[in-house]
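Trainee:
Residue numbers (the numbering used here), protein chains in the order written: chain A, 48 to 490; chain B, 79 to 130.
1) Are the Cβ atoms of residue 448/A and residue 140/A separated by less than 8 Å?
2) Rounded C-beta distance between residue 123/A and residue 232/A? I'm assuming under 8 Å.
3) Name the chain A residues whose beta carbon is nearer than 8 Å to that of residue 95/B?
4) Give the single residue among 443/A, 351/A, 209/A whose Cα lies nearest to the Cα of residue 60/A.
5) Against residue 121/B, what residues of chain A qualify as contacts under a CB-to-CB distance less than 7 Å, listed in chain order?
6) Spell out a yes or no on whether the region 229 to 244 of chain A and the region 171 to 183 of chain A are touching, meaning 3 or more CB-CB pairs, one atom from each, closer than 8 Å.
7) Cα-Cα, which of 159/A, 108/A, 147/A is closest to residue 89/A?
8) Roughly how many angstroms separate the alpha carbons of residue 97/A and residue 419/A, rounded to a whole number?
9) What are the start and end residues of the alpha helix (DSSP H) that includes residue 52/A?
10) Give me whichever residues DSSP pairs with residue 260/A in a beta bridge.
11) In chain A, which residues lie with their C-beta within 9 Å of the C-beta of residue 91/B?
12) Shorter than 8 Å from the beta carbon of residue 109/B to some beta carbon of chain A?
13) Take residue 138/A and list the residues in its own chain whose beta-carbon comes closer than 6 Å to its own, dropping the five residues that flank it on each side.
14) Output needed for residue 412/A: all residues of its chain with C-beta closer than 8 Å, excluding positions within five of it in sequence on either side, in chain order.
15) With DSSP collapsed to three states, give me the class of residue 484/A.
16) Could you give the distance in angstroms between the alpha-carbon of residue 247/A and the alpha-carbon of residue 255/A?
17) Leaving aside the five residues before and after residue 26/A along the sequence, list all residues of the same chain whose C-beta is less than 6 Å from its C-beta, in chain order.
18) Does residue 98/B come within less than 8 Å of chain A when only Cβ atoms are used?
19) Tell me, please, whether the CB atom of residue 486/A is closer than 8 Å to any CB atom in chain B?
20) Give me the Cα-Cα distance between residue 153/A and residue 79/A, rounded to the nearest whole angstrom.
21) Does the beta carbon of residue 245/A come closer than 8 Å to any beta carbon on chain B?
22) Compare the Cα-Cα distances from residue 341/A to each of 63/A, 407/A, 51/A, 167/A and report the closest residue.
23) Measuring straight from C-alpha to C-alpha, what distance separates residue 319/A and residue 176/A?
24) Rounded to whole angstroms, what is the Cα-Cα separation between residue 394/A and residue 100/A?
25) Which word fits residue 469/A, buried or exposed, when buried means at least 16 other C-beta atoms lie within 10 angstroms of its C-beta?
26) Quick check: what's the CA-CA separation for residue 94/A versus residue 82/A?
27) Residues of chain B with CB under 7 Å from residue 227/A, in chain order?
28) Where does residue 477/A sit, in a helix, a strand or coil, going by DSSP?
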């Protein structure tokens, strides 16, 4: 039924099967939309946020997807600016994943501000003393860049590409994509950094506060570095999941291994920097502020030393070392393990820097404040996941996302007997005769 | 915010923040304008060569 839209040389499941698979995801999406509308119509009293938690599950999700979407800017940087040409075989998917992550982040922010109609205030009535203003500027601009990077992919749909204007537009955009990629890398450096900077400048909250280099706290650099390190990990993980679901090899191993190797070295250097930062914070900053390290990890039901161990060692050093070593990186199971640990690690880091920071008491007479999200918060946080699955599924089905797919999964020609049987039923000029490929209107 | 808005102040913060924003938007805008205009011209050129 939709054969004419499916990329040339690619095989897809029947439309009914595709739609049946998406139905449960669409239902989850509707649940999220319902919760979103409740938040917009009834207000933020639908959430469990309070005076202690101005930032909550949404901001954690926001920071996590922005870090995980970092694969787009870093892959673009590597391909267009460093010249790692092999990455052209995965860059489309990295862009798509980045687009999903950043559009999700903006959607979450639109819910979180409570009054989305006033979203433009941050641009017009900008508080230039806030790192979040810079985040809003860069995030929005980078979303434009990602849209520009995703647009040529959409225009390469088999039918859209037949329209001469779209074909040429897509071609022109590819030609100057390096400029957009450089702009994206510039914007990403600053917004990733400023997201980290928000916690690092909180001098009233010693758990988050870090020493500065000029006006930037260490967390500024750690956040940018971790997004560049773990973003590609997420790209690899989603690629692997897509390969499992479609039961196809979509990207050659050498491309995955190259990205894993770069990601591994970035993660290793990040692990070194993060460990040094933690040691300095624990041994110098915390005592200077009048606290002991144990103050931040005891006397509460959730946040113990275990979280520091999991973030730094289990999901920091371990996946980094696994990806740096060629032997372990090229073992499929260990690669899976390393990228999953990496994704958990960076998400946990964002949790710690958003939620644990707010949980720690800042005055002697205060207690730890733990927070449980309301169902509306959970539903609206799952909403972008459902949206992402739908957009990725549609893009995979109708767009040439994976340049190596046709080569890795050649379509076998139908048996001679079948072809002869089908022959008389198909008109030579019909779309089915050319595998659903319509002839150009201009030709 | 533009420099002619009543809230604007000529200080480093406003110039850096808004300068960066307009700089990025200008690159994005000019890049897309170039692509669209070139695509229109290329398409017209192709149509012209078909007619002759």
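Just so it is clear, CB atoms sit at the ideal spot from N, CA and C, and this is done for glycine as well.
Mentor: The answer reads as follows:
1) yes
2) 7 Å
3) 173, 175, 180, 181, 184
4) 443/A
5) 211, 212, 215
6) yes
7) 159/A
8) 11 Å
9) That residue, residue 52/A, is in no alpha helix (DSSP H); it is neither H nor E in DSSP.
10) 263/A
11) 175, 176
12) yes
13) 122, 126
14) none
15) For residue 484/A, the pLDDT reaches just 41, beneath the cut-off of 50, and the residue's location in the model is therefore unreliable, although a value from the coordinates is still provided. Note: residue 484/A maps to coil in three-state DSSP.
16) 5 Å
17) The structure shown does not extend to residue 26/A, since chain A is modelled only from 48 through 490, so no value can be given for it.
18) yes
19) The predicted model places residue 486/A with a pLDDT of 38, which falls under 50 and marks its position as unreliable, so this point remains unresolved.
20) 15 Å
21) no
22) 407/A
23) 31 Å
24) 19 Å
25) At residue 469/A, the pLDDT of 48 sits below 50, so the modelled position is not reliable and the matter cannot be decided from this model.
26) 10 Å
27) 109
28) Confidence is the limiting factor: at residue 477/A the pLDDT is only 40, short of 50, which leaves the residue's position unreliable and the question unanswerable from this model.
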